Structures are given as C-alpha cells and as structure tokens.
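Residue numbering for the sequence shown follows the working numbering, starting at 892 and increasing by one per position.
Think of the CB as a built atom: it goes at the ideal place given N, C-alpha and C, for glycine as much as any other residue.
Since the structure is predicted, the reported quantities are computational estimates derived from the model, not experimental observations.
Below: one structure, written as structure tokens.
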Amino acid sequence: MSSVPNITLNDGNAIPQLGFGVYQIKPGDTAEAVSRALEVGYRHIDTAEMYGNEKEVGEAIKNSGIDRSEIFVTSKLNNSFHEPDDARAAFDRTLEDLGTDYVDLFLIHWPLPTQYNGDYVSTWKVMEEFKQSGRSKSVGVSNFQPEHLDRLASECDVVPAVNQIEVHPYLGNEVVRTYGRDHGIATEAWSPIAQGGVLEDEIITGIAEKVNKSAAQVVLRWHIQNSNIIFPKSVTPERIEQNFDIFDFELDGNDMDAISALDKGEDGRTGPHPDTFDFIPG
Ligand code: NDP
C-alpha cells in the first residue's frame, strides 16, 4: 500500500520518515497498538521513558517476529536523569525495558535550561558515549531551541542527528526548523496533527475533500513534503492504517502554501515552551 521514504541523518544512518508514536497510550494498550502498527507496515516506533510503555513496545516488537534490524526504535532520556551517572543508569534501564541491546536513536527529551544549573552540555556528552559504544546508533535532542543547539555546537563534538519539536499547521516552528536545515539536524515533528486540533480547520477539510483524502492524511502529507519526520499516534485501527496511507497522492504548491499560512506562531503552540518547561518527575 505504502512505501515509506528514508531520510539520511548527518551520521549516515537512515530513518523511516513516517513512524508510530506511543505517547499517552493507556498502560496495557500499547503492545496491541504497536502490534497493529507493525502489521500495517510501520517500521519506526517513537517511545520515551516518560511514557511508561517501553516494556510494552519491546514486547510487541519481540512478538511481531520481525527482525530487530528492520525496526527503527527511538526512546528518550527523562527529565529526572540529566546528571551523567543518572543518564547512564537510565539508558541501561531503557535498553533492558525495550528488551534490546541497542536503540536506533536516543534523545534528550527536554533541555531544561532552568534546571541542573542550565547544564545540558554534560548530559549531551554522555549521549555521545552512548553513540560511541554503538548502543545508540544515533543520538539527538528534543525541544531544543537554537541557542541550546549553539551551545552544544561550541562545547561538544557530535552534532545531534535530529531535533524533535512541536510542529503542525498551527505552529510552523520555522526558526527552529530552519536552524536544523542549516546545520544538518533533521526535524522530527511531534503532535503532527496537534492531537487532532487542526483537523476541523476549513482550509484543511477543503483540501481533503478536493484530493479525496482525510484531513489527517492531508496534514501528514504536508509534513512529508516539508521533509519533517513524523510519528502520529493512534489506538484506533482504521486511523493507524489511514495515517500510513499517505504516499499515493501529492499536494500542489498552492495547497502546501495554504496549509503553511495557517501558522499562528506562539499562539498555535499546544505544549510547553522549551525555554521555561522545567518539570522533573519526583
Ligand atoms: P498526534 O498529533 O499524533 O495526535 C494523536 C491524536 O490524534 C490522538 O488523540 C488520536 O486519537 C488522534 N488521531 C490520530 N490519527 C487520527 C486520524 N487519522 N483522524 C482523526 N484523529 C486521529 O499527537 P501526539 O501528541 O501523540 O504526537 C505524536 C507523537 O509525538 C507522540 O505519540 C510521541 O511519540 C511524540 N511526542 C513527543 C513529544 C516530545 O516532547 N518529544 C511531545 C508530544 C508527542 P486515537 O488514538 O483515539 O485514535
């Protein structure tokens, strides 16, 4: 049905541009959703320690019978574990919970510039160790602003392979996307359909009617044509299938521009701002 393109990261590794996200899937439901996604053809799963479902993701991958090497697995370092030794122990636990001896991509989940004396640099140096050891094939960051990335560039060796940030039609996040493009850092767009919040927009529903696709498919296609890496989440079987079926049509330049013009800047942000977000789980 679909053929998902790969994007080549700055370290030479390839990542499927479309994957499956598992944030906010209820405990007990993740394994089933991931199994379904793997059956449909997804080969890229985005999880995090924070989501509390790495074990279930690992279970679904194991039970799928699909070779581990064919599935791109991402997880993330939780906010409590930025101190180097805590990060090392947390990464060990992530691999154990996923039941694998490597992940394809490991990210610092949030920069937390107002915590840990603003030191995400020593955390990044530990991420470099994970890459060096081969236990994370690629390493990256999430929710980093240009000034955070500038600091890594001046104080560290490895350039993050990706920056996973909030992007959807109501929050284009162009400044951060452009920084990534200029520095070889791929943009991963979280909440690609704004958790459903953009699907009633008349511009989007109008285009959907014209191209005979759903509003979600139109928005996901807009991301693909903008070179964003995406992993929409759903627990609904038809939607899991629908979100994978976005490679048999194309949006023309006018439709692409019309969707991009929906950008509301900061007013479109649904999640916390990376400069001020400081939550550390107890
Ligand atoms: P999404 O933008 O993927 O939206 C998910 C919501 O949209 C769910 O409520 C789902 O409902 C619904 N939905 C999915 N597909 C369709 C469809 N075809 N038609 C109508 N509704 C649909 O939100 P997420 O926040 O989950 O983002 C995706 C992934 O990004 C996460 O799962 C996670 O992996 C990552 N993420 C990372 C963050 C970070 O800080 N790094 C922050 C947030 C997310 P239902 O499940 O009921 O079908």
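For this session: Verify the CB distance criterion: does Glu-930 have a CB-CB separation below 9 Å to chain C?
Result: Protein chains in the displayed structure number just one, and chain C is not present.
For this session: List the endpoints of the continuous alpha helix (DSSP H) containing Pro-975.
Result: DSSP places Pro-975 inside the alpha helix (DSSP H), whose first and last residues are 975 to 989.
Exercise. Roughly how far, in whole angstroms, is the beta-carbon of Ile-916 from the beta-carbon of Ala-924, given that I think they are within contact range, below 8 Å?
Worked result: So it is a contact: roughly 6 Å between Cβ atoms.
Exercise. In chain order, what residues of the same chain have a beta carbon less than 7 Å from the beta carbon of Thr-1069, not counting five sequence neighbours either side?
Worked result: There are no such residues.
Exercise. Can you tell me whether DSSP reads Ile-952 as helix, strand or coil?
Worked result: The answer is helix: DSSP assigns Ile-952 an H, G or I state.
For this session: Can you have a look at Thr-1005 and say buried or exposed, based on whether 16 or more other CB atoms are within 10 angstroms of its CB?
Result: Under this definition Thr-1005 is an exposed residue.
Exercise. Rounded to whole angstroms, how far is the Cβ of Thr-1180 from the Cβ of Gly-1088, which I believe are closer than 8 Å?
Worked result: This structure leaves residue 1180 out entirely; the chain is present only between 892 and 1173.
For this session: Could you check if Glu-947 is buried or exposed, using at least 16 other CB atoms within 10 Å of its CB as the buried criterion?
Result: In summary, Glu-947 is buried, with 16 or more beta-carbon neighbours lying within 10 Å of its beta-carbon over all protein chains present.
Exercise. Using the rule of at least 16 other Cβ atoms within 10 Å of the residue's Cβ for burial, across every protein chain shown, is Asn-954 buried or exposed?
Worked result: By the neighbour-count rule (16 or more Cβ atoms within 10 Å), Asn-954 is not buried but exposed.
For this session: Give a single yes or no on whether Lys-1124 has its beta carbon closer than 8 Å to a heavy atom of the ligand NDP.
Result: The ligand NDP has a heavy atom closer than 8 Å to the beta-carbon of Lys-1124.
Exercise. With respect to 8 Å, is the separation between the Cβ of Arg-1160 and the closest non-hydrogen atom of the ligand NDP below this value?
Worked result: No, the beta carbon of Arg-1160 sits no closer than 8 Å to any heavy atom of the ligand NDP.
For this session: Could you pull out every residue in the same chain whose Cβ sits closer than 6 Å to the Cβ of Glu-1057, ignoring the five residues on either side in sequence?
Result: If we look at Glu-1057 and ignore the five residues flanking it on each side, its Cβ neighbours are Trp-1081, Ser-1082 and Gly-1162.
For this session: Look up Asn-944 in the DSSP assignment and say whether it is helix, strand or coil.
Result: Coil at Asn-944, not helix or strand.
For this session: Return helix, strand or coil for Asp-1048, following the three-state DSSP convention.
Result: Annotated three-state conformation of Asp-1048 is coil, per DSSP.
For this session: Would you kindly check if the distance between the Cβ of Asn-970 and the Cβ of Phe-1170 is under 9 Å?
Result: Inclusion of Phe-1170 and Asn-970 in the CB contact set at 9 Å is warranted, their separation being smaller than that value.
For this session: Using DSSP bridges, identify the partner residues of Asn-1054.
Result: BP columns for Asn-1054 point to Val-1032 and Thr-1078.
For this session: Determine the extent of the alpha helix (DSSP H) in which Ala-922 is found, giving its start and end residues.
Result: Per DSSP, Ala-922 belongs to the alpha helix (DSSP H) from 921 to 931.
Exercise. If Ala-1152 and Gln-1133 are in contact, beta carbons under 8 Å, what's the gap, nearest whole angstrom?
Worked result: Between Gln-1133 and Ala-1152 the Cβ distance is about 25 Å, and since that is not below 8 Å, they are no contact.
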